[in-house]
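Note sheet for the following structure.
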Amino acid sequence: MMSFETQSAPGGLMWLSRVQGKYFEIQFSRGGEPDGGKISNFLLEKSRVVMQNENERNFHIYYQLLEGASQEQRQNLGLMTPDYYYYLNQSDTYKVDGTDDRSDFSETLNAMQVIGIPPNIQQLVLQLVAGILHLGNISFCEDGNYARVESADREFLAFPAYLLGIDSGRLQEKLTSRKMDSRWGGRSESIDVTLNVEQAAYTRDALAKGLYARLFDFLVEAINRAMQKPQEEYSIGVLDIYGFEIFQKNGFEQFCINFVNEKLQQIFIELTLKAEQEEYVQEGIRWTPIQYFNNKIVCDLIENKLSPPGIMSVLDDVCATMHATGGGADQTLLQKLQAAVGTHEHFNSWSSGFVIHHYAGKVSYDVSGFCERNRDVLFSDLIELMQTSEQAFLRMLFPEKLDVEKKGRPSTAGSKIKKQANDLVSTLMKCTPHYIRCIKPNETKRPRDWEENRVKHQVEYLGLKENIRVRRAGFAYRRQFSKFLQRYAILTPETWPRWRGDERQGVQHLLRAVNMEPDQYQMGSTKVFVKNPESLFLLEEMRERKFDGFARTIQKAWRRHVAVRKYEEMREEASNILLNKKERRRNSINRNFVGDYLGLEERPELRQFLGKRERVDFADSVNKYDRRFKPIKRDLILTPKCVYVIGREKVKKGPEKGQVREVLKKKLEIQALRGVSLSTRQDDFFILQEDAADSFLESVFKTEFVSLLCKRFEEAVRRPLPLTFSTRAPPPTPFRVKKEGWGGGGTPSGRALTVSVGDGLPKSSKPTRKGMAQGKPRRFAQAPTRAAPGPPRDHHGALRLQPWGPADAHGHGPPRSTTQNSSMCLTRAWLGRWCRRAAAGDGGVSGAVTSAPCAHSMQRKRSVGQRPVPGVGRPKPQPRAHGPRCRALYQYVGQDVDELSFNVNEVIEILLEDSSGWWKGRLHGQEGLFPGNYVEKI
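For what it's worth, UniProt numbering labels the leading residue of the sequence shown as 1, then goes sequentially.
Right under this line is the structure:
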């Protein structure tokens, strides 16, 4: 669009002059996204195609074509330098600083491609532009009283005819003669009238202007086809039009431009100054009127049709009576204007023109050329000639039906401009206009050059001072009660979601709720008026905060929903790993997954062993067992790449001697794992298998750790992590499990260690609760659903884990029982031999694992210090009266969080006896459930 609608003039900076106005609409979807557009072009100054003022260039596309065309295009289109063409050499200006015509030509072609113009049509567009240039080089000479094409210019006649796809003889005929239709009575007759030189030149220029204008309309239509939506929803319109023009010599173009600006100023007055003050009166708002100049009287002076006729009506009348030459028509126009509007207070005449008192000031117009430029008639002969073109594209630009009878005068440039201006006003009146006033700081076209008097003059004639006075004295915002309530109802609970009382009272309630000062607003009959923008900004800010709070609530709920769903999926995946393979513990199957149980964010002494930005998936304190079954506390950390085992050692030398420091015991890369081994019981043991020494670990969070480890292993090596569930240890350290009843519990026996664990939940158990556990675990809510266990059996049925070979005949086990439960024995010999051989790459040892959790399984010696001397103070309180009590016959390890654990001969206070076999008691200050057949009353 810039190439075809803009011309340039040289100066200190690149100076672009639009010779066409645009009204373009940016179309939006219901969601507020721009998804289309539409352009309406107004007032293209076609006269600039054939004539330029001093120091002006023609339209950019001509110079771009001459500079950027390829050698083949130059040859096919007959392109020369700009000074060769009459339509370009009148102003003797061809270059403008800051303009690269060659680069702009490439951008123009690319833009035509983007809007969907195919390459063959692009070539025809350029061919038409070149044809207009060659058409301007046709000149005429006198042949008697008539015009003919000069003999030297006949070659100039052939090339434009070739480019336009028409016969050169017919082109010459239509440029030098015209067909006139006459009526005598009921008969019509066509007469060929030969033109003089002036008329022939006018016909040539009229054809050039018509071709360019129709080409421009085609490009606008192509852009609209590419952007416009089939249905209209919401749109924002932008009017981009030239401003008020005052030159040393002002002609017909300046007259038309200033008329359009006068009409736009009238809208500005109607919609701002006048309409606003009238609205205050209608709404009963206290108001002091502001005086302003209403320019409607100037618009009527120019466009009135009758009583008295306006300047444009007089101009059209003179053009309709013009004959062969237009030399005396301009003086005739001046005389008729003096007679029609000479007494008008905003009109004066002088010898060569007239003066109009515009809103921007007095402007003198030279009438020379007014009539000629106003005619702008494209005779039917020329339309018929173009319809005979061999090019379908050119015929498409002239779709008129010439056989249809026409009545009335041909339209003139002035009448077209007046109609377009009124259509533009009608379009703008349907909208709510906002104005951007551009101030011209100087006439030198240079930065930092400020002409104060010129700027003051523009501020004055644009009515900016009056507009500011009205805005200051008036109200920056006004809105109907219903719309105001609808927009700001969210600010108070009384108005949200709907105000059920009177709308006026609802608005007042809102304004009082936000503590707006009474002098900052007024209540009209149907609207509320807010004085300062700051008060409106306060309302908008409070509204945004409300929406932000609601958005955060929705966001929080959604994130919680996504997190819970992801958590449930992760817990389901973890459960599926052990499903039908391993018994589950009641208090772990529905447990939350936390991940970091060590709080590594606040443990820099542990973070030092990790990478700088290494993410932690799992961290917990675990038990690691050595070859002698000695448990050692270690910190187990899982990241996406490695497994870390961190221990603690005393510093043996140096300034920190004797202090305990964290030490990295093992760093195992994920891909180096060979697998993980677990038993089929509900114990917490697992073995990390690697090429070097395996790690025998115990963690109550094994399910969470193993599930995360499986996920990271599959991400690293693209295959599942090998998991082994068996009663026998994997090679080279096989072990076996015997299910013979309850063991004695945590006491070393020869080379073996006995671990006692009750039966777990079935292997097919899955999480039974959705969502995460809330609050602390329940205490003593009800007796366990499983039956109370029977009393333990004697020692002959003990489960033992022994070295590979014959079982130890002298093993000491717990007493036998009549029930069928499980216990586990780990031999020191097996574990020691297994650890040594694993470290040395030697053969294996055997062992057995029972289904026992180890938090209470390993009995440790307690060191008891010397008893302190009792202090002298208040007298010792009287002992509390004991209720019923019982003594433990056997050791019992609690299987759930609400069960008591006790050793043989410990005394338990009985709180409740239940027929289900589960009793409630208190031991060491803790209350819980325990099996009644494990105790005897005392």
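Idealized CB from N, CA, C, for every residue including glycine.
Run of the beta strand (DSSP E) containing Glu466, from where it starts to where it stops: Where Glu466 is concerned, there is no enclosing beta strand (DSSP E), although the alpha helix (DSSP H) it sits in stretches over 464 to 473.
Stretch-stretch touch, CB-based, cutoff 8 Å, three pairs: the region 624 to 633 with the region 592 to 607: Proximity of the region 624 to 633 to the region 592 to 607 falls short of the contact definition, fewer than three beta-carbon pairs being nearer than 8 Å.
CA nearest to the CA of Ala226, picked from Ala213, Thr194, Leu511, Pro118: Of the candidates Ala213, Thr194, Leu511, Pro118, Pro118 places its Cα closest to the Cα of Ala226.
Sequence-distant residues of its chain with Cβ nearer than 7 Å to Tyr359 (five each side left out): Answer for Tyr359: Glu262, Gln265, Phe293, Asn295, Val298, Tyr461, listed in chain order.
Collapsed DSSP secondary structure at Lys861 in the structure displayed: The predicted model places Lys861 with a pLDDT of 37, which falls under 50 and marks its position as unreliable, so this point remains unresolved.
Length at least 3, wholly inside the region 202 to 241: the beta strand (DSSP E) runs in chain order: Entirely contained in the region 202 to 241, the beta strand (DSSP E) runs reaching 3 residues are, in chain order, 234 to 240.
Terminal residues of the beta strand (DSSP E) in which Thr432 lies: Careful: Thr432 lies outside any beta strand (DSSP E) and carries neither H nor E.
Neighbour flag for Met570 against chain C, beta carbons, 8 Å: The chain labelled as chain C is not found in the depicted structure, where only one protein chain is given.
Residue burial classification, Gly251 (beta-carbon count within 10 angstroms, cutoff 16): Taking all protein chains shown into account, Gly251 has 16 or more neighbouring C-beta atoms within 10 Å of its C-beta and is therefore buried.
Alpha-carbon spacing of Phe593 relative to Arg565, whole angstroms: A straight-line Cα-Cα distance of about 13 Å links Phe593 and Arg565.
Gln199, buried or exposed, once every other Cβ within 10 Å from all chains shown has been counted against 16: So Gln199 counts as buried.
Unbroken beta strand (DSSP E) run spanning Tyr644, endpoints: Boundaries of the beta strand (DSSP E) around Tyr644: 642 to 650.
Residue of Lys483, Ser364, Tyr62, Trp350 minimising C-alpha distance to Gln248: In this structure, Ser364 is the residue among Lys483, Ser364, Tyr62, Trp350 with its C-alpha nearest to the C-alpha of Gln248.
Integer-rounded CB distance, given that Lys229 should sit under 8 Å from Lys46: Cβ-Cβ separation between Lys46 and Lys229: approximately 31 Å, too far for a contact (criterion under 8 Å).
Sub-8 Å separation of Phe379 and Gln387 beta-carbons: Taking 8 Å as the cut-off, the Cβ atoms of Phe379 and Gln387 do not count as close.
Neighbourhood of Met322 by C-beta distance below 8 Å, restricted to the same chain and skipping five residues each side: Excluding residues within five positions, the ones whose Cβ falls inside 8 Å are Ala329, Cys371, Arg375.
Residue span of the beta strand (DSSP E) that contains Thr492, given as start and end: For Thr492, no beta strand (DSSP E) run applies, since DSSP gives it neither H nor E.
Cβ-based neighbour list, Arg469, same chain, cut-off 6 Å, excluding 5 preceding and 5 following: Around Arg469, the same chain offers Ile290 as residues with beta carbons nearer than 6 Å, after the five sequence neighbours per side are excluded.
Minimum C-alpha distance to Tyr62 - residue among Val50, Asn55, Gln71, Glu54: With distances taken between Cα atoms, Tyr62 lies closest to Val50.
Nearest candidate by alpha-carbon position, reference Leu428, set Tyr23, Gly932, Arg922: Distances from the CA of Leu428 to each of Tyr23, Gly932, Arg922 were compared; the closest alpha carbon is that of Tyr23.
Candidates Thr81, Asp617, Gln64: closest to Thr99 by CA position: Taking only the C-alpha atoms, the option nearest Thr99 is Gln64.
Phe140 - containing beta strand (DSSP E), residue span: 140 to 143 is the span of the beta strand (DSSP E), which, as asked, contains Phe140.
Residues bridged to Lys920 (per DSSP): Looking at the DSSP output, Lys920 shares a beta bridge with Leu912, Leu929.
Gly251 CB to nearest heavy atom of the ligand ATP below 7 Å: Absent from the structure shown: the ligand ATP. Ligands present: none.
Cβ contact check for the region 387 to 396 and the region 300 to 315: 3 or more pairs under 8 Å: Because the criterion of three Cβ pairs below 8 Å is not met, the region 387 to 396 and the region 300 to 315 do not touch.
Touching by the beta-carbon criterion (3+ pairs, under 8 Å), the region 549 to 569 and the region 664 to 681: A contact is defined here as three or more CB-CB pairs under 8 Å, and the region 549 to 569 fails this definition with respect to the region 664 to 681.
Status (buried if at least 16 other CB within 10 Å, exposed otherwise) for Ala421: It counts as buried.
Limits of the unbroken alpha helix (DSSP H) element including Gln331: Run containing Gln331: 329 to 341, per the alpha helix (DSSP H) assignment.
Rounded C-alpha distance that separates Asp192 from Arg178: Cα to Cα, the separation comes out at about 6 Å.
Proximity below 8 Å, CB of Phe529 to CB of Phe475: Yes, the Cβ-Cβ distance between Phe529 and Phe475 is below 8 Å.
Arg448 and Ile490 closer than 8 Å at C-beta: Contact flag unset, no.
Trp830 - DSSP class collapsed to helix/strand/coil: Here the model assigns Trp830 a pLDDT of 38, short of 50, so the residue's position is not dependable, and the following value carries that caveat. If DSSP states are grouped into helix, strand and coil, Trp830 belongs with the helices.
His357 - partner residues in DSSP beta bridges: In the DSSP output, where bridge partners are listed per residue, His357 has Lys362.
Residues near Asp316 in its chain [Cβ-Cβ closer than 8 Å; skip 5 each side]: Contacts found: Asn374, Arg409, Thr412, Gly414, Ser415.
For Glu605 and Glu662, believed in contact at Cβ under 8 Å, the rounded distance: Correct: roughly 5 Å between the Cβ atoms.
From Trp450, Val507, Glu534, Phe218, residue whose alpha carbon lies closest to that of residue 940: Since the first residue of the chain shown is 1 and the last is 938, residue 940 is not available in this structure.
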